Every structure is written in C-alpha cells, then in structure tokens.
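J.:
Numbering (this note's numbering), first residue to last: 2 to 261.
#1: Confirm, please, whether the CB-CB distance from residue 194 to residue 122 is below 8 Å.
#2: Look at the Cβ atom of residue 180, then the Cβ atom of residue 128, and state whether they are nearer than 8 Å.
#3: Indicate the three-state DSSP secondary structure (helix, strand or coil) for residue 160 in the structure shown.
#4: Is it buried or exposed, residue 255, if we count other Cβ atoms within 10 angstroms and call 16 or more buried?
#5: For the stretch 114 to 121 against the stretch 193 to 210, are there 3 or more C-beta pairs whose distance is under 8 Å?
#6: Quick check: the stretch 169 to 189 against the stretch 102 to 117, are at least 3 beta-carbon pairs closer than 8 Å?
#7: Is residue 160 near residue 178, with beta carbons less than 8 Å apart?
#8: Taking the alpha helix (DSSP H) that residue 197 falls in, what are its first and last residues?
#9: Could you tell me the boundaries of the alpha helix (DSSP H) in which residue 190 lies?
#10: Let me know if residue 97 comes out buried or exposed under the rule of 16 or more other beta-carbons within 10 Å of its beta-carbon.
#11: Identify whether residue 41 lies in helix, strand or coil by the three-state DSSP scheme.
#12: Can you tell which of 221, 196, 225, 116 has its C-alpha closest to the C-alpha of residue 209?
#13: At the level of alpha carbons, what is the spacing between residue 150 and residue 191?
#14: Kindly indicate which residue of 39, 125, 34 has the alpha-carbon position closest to the one of residue 196.
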C-alpha cells in the first residue's frame with residue numbers, strides 16, 4: 002500500500018481557547034518589559050538620531066512618554082512579602098481598646114475649705130470657681146475682666162472677675178492659682194475646675210491608662226491615683242440620745258431623786 006500523500010493527510014489542530022477581553026492583560030505585559038527598558042535606557046548612548054532610535058523601539062517610546070508625563074517612576078518598585086513575625090515587629094501590633102476611665106478628680110484644700118472632687122480638665126484654658134464658693138471663702142479682692150465664656154450649650158456667660166494668687170493645697174504641695182469667678186446655680190456638691198494653667202504650674206504628668214497623676218515641685222513629686230482619690234475623714238459630730246418617758250414615770254423618778 003502506498004503511503005498517503007501530504008495533501009491527503011488530515012491535519013488536526015489543537016483547539017486554543019481565546020482569552021476574553023485580551024486588552025486587559027496589555028498593561029501586565031508592558032509592566033514586565035518596563036524593568037528591562039529602564040536597564041537599557043540607563044546604559045543607552047545615543048550615536049544615532051533620537052527619532053531613528055525611537056522608531057526602532059516603539060514600545061520604549063511609549064515608556065519614555067509616560068516617564069515625561071510622570072505616569073511612571075524612574076525607580077523600579079519591588080514588592081517584598083514579609084512573614085507574620087516581621088510584620089508584627091514592624092507594625093508593633095494593635096494596642097487593646099480601652100473604655101472610658103471616668104473623670105480625673107483630686108482632693109484639695111483652699112483656705113479652710115476642703116474639696117474632695119476638684120475636676121482636672123486639660124480641655125479648659127482657665128481655672129473656674131463658683132461665686133458662692135468665693136463668698137464662703139470670704140474673698141473680697143476680685144479683679145474685673147472683659148472675657149466671655151462659651152458654655153457647652155453654646156450660650157455665652159460673663160464671669161464676675163478673676164481672683165489671683167489663691168493658694169491651692171494638694172497633698173503636701175501648695176500651688177498659687179488664678180481663678181475665674183462665675184455665678185452658677187448653687188448646689189451642695191459645687192466644686193472647682195482646675196484647667197491647663199494649674200496643671201502646668203503643678204508640672205502634672207497624667208497617665209490615663211493607670212489613672213495616675215504626678216505633681217512635681219522642684220525635686221519632689223507626688224503620685225495620685227484619681228480612681229482612689231484622697232478622701233479626708235468625715236468631720237466628727239456630737240450625737241445625743243433622747244428617750245420618750247411617760248409623765249407619771251418622770252414624776253416618780255424626780256421624787257426618788259429628791260428623797261436621795
């Protein structure tokens with residue numbers, strides 16, 4: 002039998018699936034050529050007209066245009082995959098989320114008055130004292146001021162004045178302090194607000210996480226735990242006992258006392 006001729010042979014071609022939207026992969030293909038372009042471009046020595054060189058390298062011409070238009074960078078970027086340990090060292094991990102640790106209050110003494118809960122507020126640019134407290138302290142010298150205070154509800158109030166160099170005792174330390182006097186509603190638990198001027202005078206260091214506040218005077222310092230704020234012992238009072246006695250019993254007791 003004769004072998005079939007080449008014309009009679011059936012040529013079976015392998016079926017190749019075409020990629021949908023092939024233009025999407027053009028950028029990736031070009032990006033693969035870009036490092037080589039940079040290497041060639043840095044070593045390029047022009048011995049022929051630039052136009053002729055660009056005609057010979059149409060793809061490089063596009064890269065050059067993108068470099069001029071600052072669409073690409075001269076420096077080739079490289080992605081480095083880090084291990085979990087390296088990533089943790091660089092990022093130092095994420096700190097735990099804490100809740101509100103309440104307000105910072107300290108116990109202090111002004112004159113003969115003891116305030117167990119004086120509010121320390123870094124967001125306040127003044128030290129504030131109610132007018133009723135100033136009267137209880139029998140303070141007569143007050144300096145007039147033109148300042149206006151914007152309250153939390155956006156209302157504007159005018160203070161009565163400023164009391165200067167009032168001595169505030171915290172623990173064993175005494176700090177001279179200026180107070181802005183404001184006429185507020187009188188309450189039993191009225192207290193003062195110690196703002197940034199006082200905290201700066203006390204050279205305060207605040208650790209919000211631990212709830213500690215450090216006051217410093219010269220080379221000495223005092224640590225206050227604001228959650229276990231200093232509490233003064235309650236004032237001692239005299240109590241008397243009263244009993245109800247029937248009138249007849251009372252007469253008998255009085256008679257016995259007279260006989261004795």
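We put the CB at the ideal spot given by N, CA and C, even for glycine. From a predicted model like this one, the values you see are computed outputs, not experimental measurements.
T.: According to the data block:
#1: yes
#2: yes
#3: coil
#4: exposed
#5: yes
#6: yes
#7: no
#8: 197 to 202
#9: Segment: none, residue 190 is in no alpha helix (DSSP H) and carries neither H nor E.
#10: exposed
#11: helix
#12: 225
#13: One C-alpha to the other measures close to 18 Å.
#14: 125
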